[in-house]
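Written out below as structure tokens is the structure these notes cover.
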Amino acid sequence: MKTLFSSPSSARVRSACLALFTLVTLGLTQPAQAQQAAPVTLETPTPETLRVRVQNPAQQAGSVQIVSLRTGQSLFRETYTAPVYANRFDFRNLAGGHYSVVLRLGRAQYRYTVHMQPASATSGVVVRTVKARLPKTVIALAAE
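Count along the sequence shown from 1, then add 27; that gives the number in my numbering.
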């Protein structure tokens with residue numbers, strides 16, 4: 028019975044493939060790097076509230092802004108440099124609609140869309156991640 032690797036030329040191909048695979052594997056292996064957890068967490072403890080927490084151990088300048096997407100009006104803006112920023116936002120008195128939560132930490136930016144249901148609806152605040160824009164140095168490290 029003849030197999031794919033039974034001839035002398037097939038054996039050379041098999042050896043070359045094995046050598047190439049070994050070189051590629053050795054070239055691609057790097058020490059494992061610990062993945063950093065995102066510094067921003069959002070929680071909805073009640074249907075009408077949003078809790079924001081930012082870990083800032085380097086005490087970089089940061090800011091939090093909430094904007095109505097319907098009117099473009101900034102409803103809240105605050106800056107911070109503390110090692111931990113935490114705030115609880117109550118959307119209960121706001122009209123139903125879409126709001127943007129923009130968090131900046133140093134050169135990194137995190138954007139979330141909050142959809143607040145009208146008072147008659149039962150689901151309350153729904154948070155969706157829109158974009159996390161990180162500085163180029165962080166992106167380069169993540170690509171390695």
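Just so it is clear, CB atoms sit at the ideal spot from N, CA and C, and this is done for glycine as well.
It should be emphasised that the depicted structure is a prediction, and the values quoted were computed from it without experimental measurement.
I need the straight-line Cα distance from Asn83 to Val111, nearest angstrom please.
Going by the C-alpha atoms only, they are around 5 Å apart.
According to the neighbour-count rule (16 or more other Cβ atoms, all chains shown, within 10 Å of its Cβ), is Gly99 buried or exposed?
Per the 10 Å Cβ criterion, exposed.
When the distance is taken between beta carbons, is Ser90 closer than 9 Å to Arg115?
Against a cut-off of 9 Å, the Cβ pair of Ser90 and Arg115 comes out as no contact.
Report the option in Thr68, Met143, Ala88 whose CA atom is closest to the CA atom of Gly123.
Nearest C-alpha to Gly123: Met143.
So, helix, strand or coil for Gln144, using DSSP?
Looking at Gln144 - three-state DSSP - the assignment turns out to be coil, as it is neither helix nor strand.
Who are the Cβ neighbours of Leu96 in its own chain at under 8 Å, not counting the five residues just before and after it?
Around Leu96: Gly124, His125, Tyr126, Ser127, Thr140.
For Val114, which three-state DSSP category applies?
Sequence check: residue 114 is Asn here, not Val. Correct three-state label for Asn114: strand.
For Leu77, does the three-state DSSP call read helix, strand or coil?
It is a strand residue.
With distances taken Cα to Cα, identify the nearest neighbour of Gln86 among Glu70, Gly133, Arg80.
Taking only the C-alpha atoms, the option nearest Gln86 is Gly133.
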